[in-house]
Structure formats: structure tokens, C-alpha cells
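Per the working numbering, the sequence shown starts with residue 124, numbered consecutively.
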Amino acid sequence: MKGIGYILMVVGLIAMVFAINMDVSVSTYGGRINNIGLISDRQNYLIFSCVIFLAGIILAIFGSKSEPVSGSGNVKCKYCAELIKSDAIICKHCGKNVEHEKETDDSGFLFTPIDHDRKFSFRDWPPEIFIAGGKVNKNTVYQFIYELKKSNPKLDSPGIVMKFYRDFSSIEKGLPDNLIDEFKELRKSALQQ
């Protein structure tokens, strides 16, 4: 935002210089006289350029610097929430040791739900979590269906499919096209158990 503010300030200043140097006179038989229409145009250009300049000042003063994107090799520190490099051992902001997450293999769960008392939510299961190594992770699908059944003990398998049809569809829409059928088959076999 600060960069945009500086650009607007420069554009506003250039527009002001042009507006001030605008010729507002016209030639007649007796010489040059001021034209009220051109004077009005110059006034409008000056006001417009001042507004642009002031907007630039406001953005330059109150705008925030753009932070590096977290997807570019940066992660947030657990303790101070500042972005640090993913290879960092110690946070440069708070000085705490950074714990790196353990990577899972393709056969295991991408994460293990620890909170058994927590209510089931489809938001906790984004489509990306079902993909491991370019294929659907069978254990994750089975864990997903297990958690879903556990949170809805009164529903049988067809009841779960009917009740959560839209939610299943939204997960399938987030998967690559070549993995949708595999996900459906794994979901179906997990529901039958």
C-alpha cells in the first residue's frame, strides 16, 4: 500500500504541474484574454490532482508494507506469529527454538485427530488432505468416515450419504478429476464397514 501511495503522490504532483502551466487565455483581435471556461478547467484539474496527491499521502502514511507471502518458503512462528524461513532453527524475532513438523508417509494419516470430544466439522477436512503422493490416501478417507460415523451414531450409511451429500460433493469438487472416482469408491467401502 505504501508503494501505491508514493505512486499516487508522484502522479498528483505531475498533474498539478500540468494544471498550473495550462494556458487559460485565448487570442482575439485586440490581443489575448482569459477564458472563463479554461480557467474553470484548470481549477478542476488542480482539485483532481490535489485529491490524488492527498490520497497518496494517506496511503503512504497509513498503508502497511506488503508482507512476504507464506507460500514462498516462509512459515509462521508458533510463539510470536512472525514469518520466518522454513529452514530456521531459532526464530529471529523472539529467539525461541522452532519445532519442525514431522512429515508423514503416504500410507499413514495426514493428521490424527486428538480431540475426541470435539464436534465433527467438514471444515477440518479440506480436499487437499485426502491426497498423498498423487493418489487418494486410503487411511485418511477411512479416518474421515470413522469420525463422521462417530459424530452421527444414529445414522446408518445411506443416511449419512443422504445427509452429507452436498458436503461430499464439495470435497469431490476440490479433488483433481482423476481422483474423484477413487475417492468415491474408498468412501463407499469405508461406509460399509
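Every residue, glycine too, gets a C-beta built ideally from N, C-alpha and C.
- Of the candidates Arg310, Asn275, Asp279, Arg310 places its Cα closest to the Cα of Ser292.
- Comparing alpha carbon positions, the residue from Tyr129, Asp164, Leu169 closest to Met139 is Leu169.
- Ile303 sits in a helix when the DSSP states are folded into three classes.
- Here Ala183 has Lys125, Gly128, Tyr129, Met132 as same chain residues with Cβ atoms under 7 angstroms from its own Cβ, once five neighbours each way along the sequence are excluded.
- Counting along the chain, the unbroken alpha helix (DSSP H) around Asn262 starts and ends at 261-274.
- For Gly154, the secondary structure class from DSSP, reduced to helix, strand or coil, is strand.
- DSSP places Leu206 inside the beta strand (DSSP E), whose first and last residues are 206-208.
- Exclusion of the five residues before and after His216 leaves Cys203, Glu205 as the residues of its chain whose Cβ lies within less than 6 angstroms of its Cβ.
- In this structure, Leu298 keeps its C-beta atom at 8 angstroms or more from the C-beta atom of Phe287.
- Asn158 is the residue among Asn158, Ile254, Asp290, Gly196 whose C-alpha sits nearest the C-alpha of Asp146.
- Rounded to the nearest whole angstrom, the C-alpha separation of Ser163 and Ser148 is 12 angstroms.
- In the three-state scheme derived from DSSP, where H, G and I count as helix and E and B as strand, Asn144 is classed as coil.
- Assigned with DSSP and collapsed to three states, Ile180 falls in helix.
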